[in-house]
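Student: Encoded as structure tokens, here's the structure I'll be asking about.
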Amino acid sequence: MGTIVNIIAILIGSSIGMAGKKIVDDKIEASIKNVLGLSTIIVGILGIITSSITINKNGTLQSNSTLLLVISLVIGTLVGELLDIDTKITNVIKKFEEKFSIGGFSDGFIPASVLFCTGAMAIVGALNDGLLNDPTILYTKSILDGVVAILFTATLGFGVFFSSVSVGVYQGSITLLGIYLSPYLSDALVNNICLVGYAMVVSIGLDLMKIKEIKVLNMLPGLLVPIIYALIF
């Protein structure tokens, strides 16, 4: 369901962008990004609380997997930095932009598709939708993508409209994978994966608000650490 909403948001955003190219100025764009960044941070924090804190029978709160969260983020970021994932993906985007710089369709389709599909929210959100039937992250991403679609379409053209196809194929595949794997994954493992993912969502919010520039793509290997931990222990 989350991916369907995401597709609709991009289609609506692209339509608005085509209809009113001069509605959104730099000031409005900055304000909207700040609000969306704050909303993303809130979603991430609430997700961390839900995934890491349990209520005991006596009513006390117990924090779980905090150390695993820290280890996952550190190891994941270290691996990501060594592999230089962020730079490699950025270079791919630049090559696509240079290769398809001629023609209105490619100008919008390629950069929008890459932007909407390479973020941590796309991966974590689609997994959450499949594993937990929780599309909250994808709903938040839908709002972000809808706004970006307005801005992109206003400047890059109608190709952004068709980037919704890329999102449908990419996120839909991840969600289906999550549904298929869910019977084989313990609740603890799913919670730990989501815990790490929600921490990355907070990072996305900080980056959107320009509070701190964080290469979230370099953190993505951290999602594999809880799986490795579960296999070993």
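Residue numbering for the sequence shown follows this note's numbering, starting at -3 and increasing by one per position.
Where a beta carbon is used, it is the ideal one built from N, C-alpha and C, also for glycine.
Only a predicted model underlies this, so the values are computations on that prediction, with no experimental measurement involved.
Could you tell me which of 127, 5 and 46 sits nearest to residue 170, measuring between CA atoms?
Tutor: 127
Student: Skipping 5 residues on each side, what residues in its chain have a beta carbon closer than 7 Å to that of residue 3?
Tutor: 160, 163 and 164
Student: Taking the CB atoms as reference points, tell me whether residue 221 and residue 72 lie closer together than 8 Å.
Tutor: yes
Student: Spatial neighbours of residue 198 within its chain, please: C-beta separation below 8 Å, excluding the five flanking residues on both sides.
Tutor: 36, 37, 40, 41 and 44
Student: At the level of alpha carbons, what is the spacing between residue 108 and residue 148?
Tutor: Those two C-alpha atoms are separated by around 7 Å.
Student: What is the DSSP secondary structure of residue 23, counted as helix, strand or coil?
Tutor: helix
Student: Report yes if the C-beta distance between residue 145 and residue 9 is below 8 Å; otherwise report no.
Tutor: yes
Student: Tell me where the alpha helix (DSSP H) around residue 132 begins and ends.
Tutor: 132 to 152
Student: Does the distance from the C-beta atom of residue 118 to that of residue 91 stay below 8 Å?
Tutor: no
Student: Residue 187 and residue 77 - do their beta-carbons sit closer together than 8 Å?
Tutor: no
Student: If you run the structure through DSSP and keep just helix, strand and coil, what is residue 210?
Tutor: coil
Student: Should residue 15 go down as buried or exposed, given a rule of 16 or more other Cβ atoms within 10 Å for buried?
Tutor: exposed
Student: Quick check for students: name the residue ranges of the alpha helix (DSSP H) that lie wholly in the stretch -2 to 77, counting only runs of 4 or more.
Tutor: -2 to 15 and 22 to 48
Student: Among residues of its own chain, excluding the 5 on either side of residue 211, which ones have a beta-carbon nearer than 7 Å to its beta-carbon?
Tutor: Cβ within range, chain order: 82.
Student: Consult DSSP for residue 229 and reduce its assignment to one of helix, strand or coil.
Tutor: Three-state DSSP puts residue 229 in coil, outside helix and strand.
Student: So, using beta-carbon positions, are residue 26 and residue 139 closer together than 8 Å?
Tutor: The answer is no: Cβ separation not under 8 Å.
Student: Quick check on DSSP: helix, strand or coil for residue 129?
Tutor: coil
Student: Could you have a look at residue 181 and say whether DSSP puts it in helix, strand or coil?
Tutor: coil
Student: Is residue 82 helix, strand or coil when you go by DSSP?
Tutor: In the three-state reduction of the DSSP assignment, residue 82 falls in the helix class.
Student: Between the Cα of residue 150 and those of 123, 129 and 22, spot the shortest distance and give me the residue it belongs to.
Tutor: Cα-wise, what sits closest to residue 150 is 22.
Student: Using the Cα positions of residue 208 and residue 200, report the straight-line distance between them to the nearest angstrom.
Tutor: 9 Å
Student: Less than 8 Å separating the beta-carbons of residue 175 and residue 219?
Tutor: no
Student: Going by beta carbon distance, what residues of the same chain come within less than 6 Å of residue 125, once the five residues before and after it are set aside?
Tutor: Within the same chain, residue 125 has close Cβ partners -2, 131, 134 and 171.
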